[in-house]
Structures are given as structure tokens and as C-alpha cells.
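Asks: Those protein sequence lines, which keep their order, are chains A and B.
Each residue of the first sequence is one higher than the one before, starting from 1 at the first, in the UniProt record's numbering.
Each residue of the second sequence is one higher than the one before, starting from 1 at the first, in the UniProt record's numbering.
Protein chains: 2
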Amino acid sequence: MPEPVVLVLDADPSPRLGRLTGRARVLRTDAAGLAARLPESDVLLVWDFTSDAVREAWPGEGRRPRWVHTASAGVDRLLCPELVASDTVLTNARGIFERPIAEYVAGLVLAFAKDLPTTLALQRERRWHHREGQQVAGSRAVVVGAGPIGREITRLLHGLGVQVALVGRSARRTIHGVEDLGPLAARADWVISAVPLTPSTYGMFDTRFFGLLQPSARFINVGRGASVVEADLVQALNRRWLAGAALDVFAAEPLAPDSPLWDVPGLLVSPHLSGDTVGWRDRLGEQFVAMYELWADGGPLPNVVDKQRGYVPSTDNSAEEEGASPE
Amino acid sequence: MPEPVVLVLDADPSPRLGRLTGRARVLRTDAAGLAARLPESDVLLVWDFTSDAVREAWPGEGRRPRWVHTASAGVDRLLCPELVASDTVLTNARGIFERPIAEYVAGLVLAFAKDLPTTLALQRERRWHHREGQQVAGSRAVVVGAGPIGREITRLLHGLGVQVALVGRSARRTIHGVEDLGPLAARADWVISAVPLTPSTYGMFDTRFFGLLQPSARFINVGRGASVVEADLVQALNRRWLAGAALDVFAAEPLAPDSPLWDVPGLLVSPHLSGDTVGWRDRLGEQFVAMYELWADGGPLPNVVDKQRGYVPSTDNSAEEEGASPE
Chain A
1 MPEPVVLVLD ADPSPRLGRL TGRARVLRTD AAGLAARLPE SDVLLVWDFT SDAVREAWPG
61 EGRRPRWVHT ASAGVDRLLC PELVASDTVL TNARGIFERP IAEYVAGLVL AFAKDLPTTL
121 ALQRERRWHH REGQQVAGSR AVVVGAGPIG REITRLLHGL GVQVALVGRS ARRTIHGVED
181 LGPLAARADW VISAVPLTPS TYGMFDTRFF GLLQPSARFI NVGRGASVVE ADLVQALNRR
241 WLAGAALDVF AAEPLAPDSP LWDVPGLLVS PHLSGDTVGW RDRLGEQFVA MYELWADGGP
301 LPNVVDKQRG YVPSTDNSAE EEGASPE
Chain B
1 MPEPVVLVLD ADPSPRLGRL TGRARVLRTD AAGLAARLPE SDVLLVWDFT SDAVREAWPG
61 EGRRPRWVHT ASAGVDRLLC PELVASDTVL TNARGIFERP IAEYVAGLVL AFAKDLPTTL
121 ALQRERRWHH REGQQVAGSR AVVVGAGPIG REITRLLHGL GVQVALVGRS ARRTIHGVED
181 LGPLAARADW VISAVPLTPS TYGMFDTRFF GLLQPSARFI NVGRGASVVE ADLVQALNRR
241 WLAGAALDVF AAEPLAPDSP LWDVPGLLVS PHLSGDTVGW RDRLGEQFVA MYELWADGGP
301 LPNVVDKQRG YVPSTDNSAE EEGASPE
């Protein structure tokens, strides 16, 4: 039996796949070459997860890979009706991004509470100006998105003494249903989004939502940019409906140099890096190799995405999960 | 019996001492009037803890208060030989600053790990530049100063998954003696000082010490400024002996506008605010009132400073503690 063909939608730096030598024939392509290579491939590794190349190339002619793995948590940029309807198995990088993103969120919460951006600005002006910070312990957070990333954020903030409510699609056990989001957000100091991008989360953070918040609240998005109506957030910040916000993800990335988002008072902009800590690409490559070995041996794959829902449902039986989706 | 006289070395805003009505006669003074009022006072509340007024006024003529309470953790600015030798009881504000300072340190650690200052600088330039952060979980910290503040910092960092070694004056139980500081610092990602200012901590962080650190290490001082030889830290940062530092305390405060410390690359300067969260002055006032009621009833006072050592020794029998000293 010939070696299966693994097609890599490549990006710089490439994944290290040396361990697959003798077990797979590895081909690499860029977005332009993807459509032509799909019919000859058994497996597609979406190493460059920052484009719409898969969604655009998939609907064409010919055979399709039996398995697609994306080196990201979110799958929104891959899904097209033809892929959803196919028998192809789609997996994601669950397990890699949870802790870094949770640390990033905890860092933002503490930086806001201690007013670190103002401290840095005053330092540039050589001004000694004492201010009072906020105590994080005892403050209230709502984490929206009950997937592994939202749950790790919840765990870490809880460890800092924050009272955290976790909101998922539907209520179960310790998770609130989305119908509780309004009342919870209305008394929260921190609202953190780690939702995947699906039809039901698209544009969910809008003027109506920001109108519910306390003037002292801060909003943090590490999920997907298009869940926020960016113009509504800008307006809400300008009207001081909330005290601040931090966006790590945007409807269009990279954010254009002339975007109005760069200099909204109270808005912290970061370039989609919350999940990316030193060594992350190596960890993503190792995860794929380990999954490939399972697949080649005929075993079941972990991290299988429910293509209809657009995220990985729970693998245990305790609760349905919503795979939050940074990267 | 006449009401005891409580003299307040005042600052704006004044403490709320209404609960003492009928139990004490409250007098207020500034630094200039302190010496004249000391002989007629039973209790001195050092509400303005930012000057050397007590150390300067104390050695004069006449009777002295039997009890001095400072609304700060550190007592280094109060102590003069005459006060140390006297029967006067000195107490501090243990219990107020621990958690805020620990949160502040955790915020700095996360901000450094996630390179937040660079993110803010790039945002001002409207530049989308992806970088990799560091994972805090699994990193190594040394906390110097095993008083309640150092121990709270240790607890909070441990909760973030940091491997923390706590260093005190002498080894006991889970606390390392100062003789371990060098080897521990040499492999630390974070070195955090929460030491009180005493003869043995004065200038302890110097060229010799910074020479031990890893080039990737960061140094954070929330203890007392004079424990750091500031010129040595500047030189070490300029030589890239360490990756960064954050100072919340300085040998001379407020830091002068022409201080070279304001614009050292990699050095974050904050105006002695790590312990000060909204409501802190109210909490300090309430603590003093509660202690006054104990004292007036003849009960023993908590938070009694060992004036020879310059900090509050342990109140339980488990371990000697070193009262760290921000504020």
C-alpha cells in the first residue's frame, strides 16, 4: 500500500514533520496551488490558518482528503457547505492554546485593574502621579464561550479570587445558558469573549449588549473578531458606556493601518497573539504528528469538529462544550 | 480619667476617626507642628507616612506617646535610636497591603511575559506586528522577603503555575535562607523584592547581584527603593544582563523629573502605588480605630513591630517572618 499523501497548506516557518518519514508522503503548497493538489491528497494539514484558501478551493472537482486538520482552535475560516456535507473528518488544535490565552486574559484584567497603560504613558512624560488601583479579588467576570479556552480562563480568574460566571449556548451544571448573559453582564466588571464564530455568535456583541454594561466594566475579546460589531464598540467606548476594552481579534486581520480602532481611547489593540507563546509552532507540529500516527494506525482521532456546529463538542459525557476559537 | 490624646500626623485626605468620639481627643498636625505636640500626646497615628517627620521630631524634649501606629507596612522612615530604645509600642498596617501588592506583581509578571508594553507602543504606531509571548506557568520566580507581603506574592504566583522560591533572612521550613539567594536568582525568570529596609537589606541588589541573573530575567521591586543600588540596575539593564525591571519604589520619592530612571530601556517606573487600591485609606482608618479600641480597653495590640529588627515578627509560632515594607 502506498504511503498516504499529506498535503500541507504551508506557512513560514513550516511544520517539522520529519517523524512522518516512511509513513507519509508530504507535499507542500501555498493557497494558489491548493485546489490542484486536493484530489491527490489523503490528509490536509492547514498550517496556514489565516486565509480562506480551504473554503475557496474545496468546492472544486475531484477526490477530497479524508481528513483535514487545522493548526488552530477556530474552524470558521475553513467551513464551506461542501466540506460540511462531506464525509471528511475535520480536527482542530484543542489543547495548545488554552493556557496561553487564559494567561493573556488574566494579564489584561490585572493591567486594567492596576491602570498599567496610564502608568506607562505617565512614565513617558516623566510624571510621578499616584493613583489608586482596583482590587481584582472579589471583582465579577462573565466569560462567554464554555469551550476549553473559556473554561481555562474561568479557572485562572477564579484562582485570582474573581467571581466568574461562565456562559455557554445552553445551561448545564455550572454553566449558564446564553439567556443569562444580559443580567450577568449588567453587573460584571469584566466581560470576556472566547466564543467560536458561528451564525449564532456573529455580531452578538453590539450596541444593545454594550448598553447593558456598567460604566466601570471592561470588555475583552480573544475569540473571533466578527462576534463584535466593531463600530458599536467604538461608539460605546466614546460614550463611556464602559471603561475600556481589549481586542486581540478583528473582523479583518491584520488590522489596516488606517483602521479607526487603533486610537480609540480606552481600547487596547493586539495583533492576534494571545495564544501564541514561544514554542507554540513546535507544539502544533508535534500534535499533528501524534494525531497522524493514530490515524494511520486506524485509531479514532481526538479533537473532531462537529462541522454543523462549528466547534468540537465535549469528549467526556459531562457537558456539551463550545470550542472557543482563537487562532 | 481624661480621654487619651490621639495625635494624627495628617495628610489629605484625613482618616475618618468619628468612631473615636467620646473615647479619644483627636489632634491633628503637620510635620512642622509635630515636635511641639508630641509631649501632650498618648498615641501618635502616622497617617502621612511619606516623610521623615517622626524620625526628626522624636528625639526632642518632653514626654512621648506610649503607642505609635503607622498607616504603612514599612517602618524604616520612623525609626530613630531614641524611638527604638524607648518603651513606646510601634505598630504597622499589616493586613491591608498584601493582596493588592501581590496582584500588582502578578500583573507585572504577566505584562512582561506577554510583552504588553510593546503591544501598547506598536498600537500608538498603528503597527500590526505579531510576536510570541512567554508562558508564565512553569516559569521560575524568587521572592525575596518572607513577610506577609512576600508570602502573598508567593501564593498568587504559585496559583498561576509559577515555581516560586521564597527567601527570608534565615532558612526555616519552606523558606530559603538568604545564603540560597544567589543560586536561586541565577536560574529565575522573575526576581521579586518585598524586603523591608534594614541595615542588612540596604543596597543588597547591586552589580554583583544583577550579574548573577539570566539575560531573560526580570527584576521587580515592591519593597523599599534603597534596597536597590539604582545606578547598578541601570547599568545592568543597559548591558542587557537582564531583560527588564519594574520599580514601584525608589531611594528618593517622588522620583525627580530629571531622574535618569524614567527612560531606561526595559525599566518600568510606577509611583509607589502597588498596594493602593480604591478604599485603601478607609481600610487603614478602620484598622487604626479597631486597634485603638483594643488599646483603650487595655488589650494587647496586634502588628507590633520589633523595633530592633525593623519589622513585625511572626505572631504565630510557625516561623519567624520578615515584614515586607511597601507603603
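Yeah, the Cβ is synthetic: ideal placement off N, Cα and C, and Gly gets one too.
Considering only residues of the stretch 231–303 of chain B, which uninterrupted beta strand (DSSP E) runs meet the minimum length of 3 residues and lie entirely inside it, listed in chain order?
Replies: Correct list: 244–247 and 267–269.
Asks: Measure the alpha-carbon distance for Leu212/B versus Arg169/B and round it to whole angstroms.
Replies: Each residue's Cα considered, the two are about 19 Å apart.
Asks: With C-beta atoms as the reference, is Ala36/B less than 7 Å away from Ala53/B?
Replies: No; because the gap between Cβ atoms is not below 7 Å, this pair is not in contact.
Asks: Within this structure, are the beta carbons of Ala141/B and Val162/B separated by less than 7 Å?
Replies: Yes. Within cutoff.
Asks: Return the chain-ordered list of same chain residues with a C-beta closer than 6 Å to the C-beta of residue 380/A, the five sequence neighbours on each side being excluded.
Replies: Because chain A in this structure spans residues 1 to 327, residue 380/A falls outside the shown range and cannot be described.
Asks: Out of curiosity, what's the CA-to-CA distance linking Gly323/A and Ile101/A?
Replies: Residue placement at Gly323/A is flagged as unreliable, the pLDDT there being 43, under the threshold of 50; the coordinate-derived value follows with that caveat. If I take the Cα positions, the gap works out to 13 Å.
Asks: Whose CA, out of His129/B, Glu293/B, Asp189/B and Leu17/B, lies closest to the CA of Ser270/A?
Replies: The option with the nearest alpha carbon to Ser270/A is His129/B.
Asks: Which chain B residues sit within Cβ distance under 7 Å of Trp128/A?
Replies: The answer, in chain order, is Pro254, Leu255 and Pro271.
Asks: Between the alpha carbons of Pro265/A and Gly310/A, how many angstroms are there, rounded?
Replies: Taking the straight line from one Cα to the other gives about 34 Å.
Asks: Can you pull the chain A neighbours of Gln134/B, defined as C-beta to C-beta under 7 Å?
Replies: Here the neighbours are Thr277 and Val278.
Asks: Put Val178/B into one of helix, strand or coil per three-state DSSP.
Replies: Helix, per DSSP.
Asks: Less than 7 Å between the C-beta atoms of Val75/B and Val304/B, yes or no?
Replies: In this structure, Val304/B does not lie closer than 7 Å to Val75/B by Cβ.
Asks: Does any C-beta atom of chain A lie closer than 7 Å to the C-beta of Thr119/B?
Replies: Yes, because at least one Cβ of chain A sits closer than 7 Å to the Cβ of Thr119/B.
Asks: Relative to the C-alpha of Asp258/B, which candidate in Arg127/A, Tyr104/A, Val109/A and Thr21/A has its C-alpha closest?
Replies: If we check each option's Cα against that of Asp258/B, Arg127/A comes out closest.
Asks: Would the stretch 102–118 of chain B count as touching the stretch 219–229 of chain B if we require 3 or more Cβ pairs under 8 Å?
Replies: Yes, they touch.
Asks: Taking the alpha helix (DSSP H) that Ala102/A falls in, what are its first and last residues?
Replies: Here the alpha helix (DSSP H) through Ala102/A covers Glu98 to Ala113.
Asks: Check whether the Cβ of Lys307/A lies closer than 7 Å to any Cβ atom in chain B.
Replies: So no, Lys307/A is outside the interface.
Asks: Residue 335/B: which of Leu156/B, Met1/B, Leu267/B and Leu9/B sits nearest, CA to CA?
Replies: Lying before the first or after the last residue shown, residue 335/B is absent from chain B, which here runs from 1 to 327.
Asks: Chain C beta carbons: is any one of them nearer than 7 Å to that of Glu3/B?
Replies: Among the chains of the structure shown, chain C does not appear; the protein chains present are A and B.
Asks: Between Ser41/A and Leu27/A, how many whole angstroms is the CB-CB distance? I'm expecting something under 8 Å.
Replies: Contact flag correct, Cβ pair sits at about 7 Å.
Asks: Just to confirm the assignment, what range does the alpha helix (DSSP H) spanning His158/A have?
Replies: Note, His158/A: alpha helix (DSSP H), Pro148 to Gly159.
Asks: Please decide whether Leu9/A counts as near chain B, where near means a Cβ-Cβ distance under 7 Å.
Replies: No, because no Cβ of chain B sits closer than 7 Å to the Cβ of Leu9/A.
Asks: So that I know if they touch, is there some Cβ in chain A lying closer than 7 Å to that of Pro148/B?
Replies: Not an interface residue.
Asks: Name the two residues that bound the continuous alpha helix (DSSP H) containing Trp207/B.
Replies: A small correction: the amino acid at residue 207/B is Thr; Trp does not occupy that position in the sequence shown. Thr207/B -> alpha helix (DSSP H) spans Thr207 to Phe210.
Asks: Using 10 angstroms around the beta-carbon of Phe184/B, count the other beta-carbons present and answer buried if the total reaches 16, otherwise exposed.
Replies: The sequence given here places Leu at residue 184/B; Phe does not occur at that position. Classification of Leu184/B: buried, given that the 10 Å Cβ count is 16 or more.
Asks: Please report the Cβ distance between Leu9/B and Leu45/B, rounded to the nearest whole angstrom; I am assuming they are in contact, meaning their Cβ atoms lie under 8 Å.
Replies: 7 Å between Cβ atoms; contact.
Asks: Compute the Euclidean distance between the alpha carbons of Val278/B and Thr91/B, then round it to the nearest angstrom.
Replies: The straight-line gap from Cα to Cα measures roughly 23 Å.
Asks: So what does DSSP say about Leu9/B, is it helix, strand or coil?
Replies: Residue state, collapsed to three classes: strand.
Asks: Using beta-carbon positions only, say whether Asp248/B and Ser274/B come within less than 7 Å of one another.
Replies: Yes, they are a contact pair.
Asks: Applying the 10 Å Cβ sphere with the 16-neighbour rule, what's the burial state of Gly145/A?
Replies: Counting Cβ neighbours within 10 Å, Gly145/A comes out buried, since at least 16 surround it.
Asks: For Ala73/A, decide whether its Cβ has a neighbour in chain B, counting only Cβ atoms nearer than 7 Å.
Replies: Judged by the 7 Å Cβ criterion, Ala73/A is not in contact with chain B.
Asks: Using the beta-carbon of each residue, which ones in chain B are nearer than 7 Å to Pro100/A?
Replies: The contacting residues are Gly133 and Gln135.
Asks: Can you give the beta carbon distance from Cys80/A to Pro59/A, rounded, assuming they're within the 8 Å contact cut?
Replies: Sure, about 6 Å apart at Cβ, within 8 Å.
Asks: Just confirm the distance between the C-beta atoms of Ala194/B and Gly147/B, as a whole number of angstroms; I'd bet it's less than 8 Å.
Replies: Yes, Ala194/B and Gly147/B are in contact; Cβ-Cβ is about 7 Å, under 8 Å.
Asks: Is Ala226/A helix, strand or coil by DSSP?
Replies: Looking at Ala226/A - three-state DSSP - the assignment turns out to be helix.
Asks: Starting from the C-beta of Leu294/B, find all residues in its chain whose C-beta is less than 7 Å away, skip the five residues before and the five after it, and write them out in chain order.
Replies: These residues qualify, in order along the chain: Leu301.
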